[in-house]
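Below you'll find the structure, written out as structure tokens, and then a few comments.
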Amino acid sequence: MSVQYRVVVAKKDERIEGPDDADVVITVPIDVATDDHFDAQIEFMRGRLKASGHTGQLIDVLTSGAAAETISRLASPS
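Residue numbers (this note's numbering): 163 to 240.
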């Protein structure tokens, strides 16, 4: 399974990690990703973290903590 993460900074400005042909694509605005209490699972349930692809694979990535870790890293200032 492959995952692409997209942190949206502004229109046409995204920080992307993962292959273009990923099985699951996760997109989240930077203001959500940089919140002190960011939790990928909760933000998905709130509808602020968007995803496309197989839902079962998405849930696996969210519950493993891999999504939160990668999104937080992408959202951090370099």
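Every residue, glycine too, gets a C-beta built ideally from N, C-alpha and C.
Bridge partners - residue i, DSSP secondary structure assignment
i: S214; result: V187
i: R168; result: I178 and T189
Distance between residue j and residue i (C-alpha atoms, nearest Å)
i: E176; j: P191; result: 9 Å
i: L236; j: V187; result: 14 Å
i: G209; j: R168; result: 15 Å
i: V165; j: D197; result: 22 Å
i: V223; j: T217; result: 10 Å
i: I221; j: M207; result: 11 Å
i: D193; j: G215; result: 24 Å
Residue i classed as buried or exposed, judged by whether at least 16 other C-beta atoms fall within 10 angstroms
i: A172; result: exposed
Note to self: Across the segment 198–209 and the segment 168–180, are there enough close Cβ pairs to call them in contact, namely three or more that are closer than 8 Å?
What the structure shows: Not touching, per the Cβ criterion.
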